[in-house]
């Protein structure tokens with residue numbers, strides 16, 4: 001069975017030298033990763049000891065980042081009623097995909113692209129073809 005931690009236990013690991021985060025119900029020890037984080041160490045330090053699920057989802061991490069995150073997993077978080085908050089799937093990609101589905105992205109409307117007709121350009125092309133045809137006719141006949 002995986003290690004199980006409370007939110008209070010995770011909250012004690014809130015320094016750069018001892019940095020844990022909760023994401024998608026898992027507990028991650030990111031102490032060795034802080035300096036290597038592509039988004040800068042400040043992001044992780046500011047979330048140290050807290051739940052970083054929303055921040056992680058909002059950034060839109062690559063599949064490689066999601067797999068890398070799983071290498072730092074040390075356990076699961078437990079709710080106040082002593083039930084772990086693990087997802088029903090053990091596949092990290094599937095679990096993250098389910099967790100990243102938000103309704104924030106659904107607030108948009110499709111707009112048709114307006115097709116602008118440039119009559120001047122059409123007229124110039126037609127006139128150029130006509131002049132070229134007339135010149136060819138007089139040159140060869």
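Residue numbers (the working numbering): 1 to 141.
Quick reminder that beta carbons are idealized off the backbone N, C-alpha and C, glycines included.
Label residue i either buried or exposed according to how many other C-beta atoms from any shown protein chain fall within 10 Å of its C-beta, with 16 as the threshold for buried.
| i | result |
| --- | --- |
| residue 116 | exposed |
| residue 77 | buried |
| residue 48 | buried |
| residue 75 | buried |
| residue 27 | buried |
| residue 69 | buried |
| residue 52 | buried |
| residue 10 | buried |
Assuming residue i contacts residue j (C-beta within less than 8 angstroms), just tell me the rounded distance between them.
| i | j | result |
| --- | --- | --- |
| residue 6 | residue 19 | So it is not a contact: roughly 17 angstroms between Cβ atoms. |
| residue 21 | residue 34 | Rounded, the Cβ-Cβ distance is 10 angstroms, inconsistent with contact. |
| residue 39 | residue 59 | 7 angstroms |
Please name the residue, chosen from the options, that lies closest to residue i on a Cα-to-Cα basis.
| i | options | result |
| --- | --- | --- |
| residue 24 | 128, 62, 56, 124 | 56 |
| residue 3 | 73, 52, 66 | 73 |
| residue 36 | 114, 16, 138 | 16 |
| residue 8 | 140, 114, 64, 79 | 79 |
| residue 41 | 14, 118, 54 | 14 |
Using beta carbons (cut-off 9 angstroms, strictly below), is residue i in contact with chain D?
| i | result |
| --- | --- |
| residue 40 | Considering every chain present, this structure includes no chain D. It has just one protein chain. |
| request: Scan the segment 5–48 and note each continuous beta strand (DSSP E) run of 3 residues or more that stays entirely inside, going in chain order. | output: Annotation note: the segment 5–48 contains the following uninterrupted beta strand (DSSP E) runs of length 3 or greater, listed N- to C-terminal: 18–23, 26–29.
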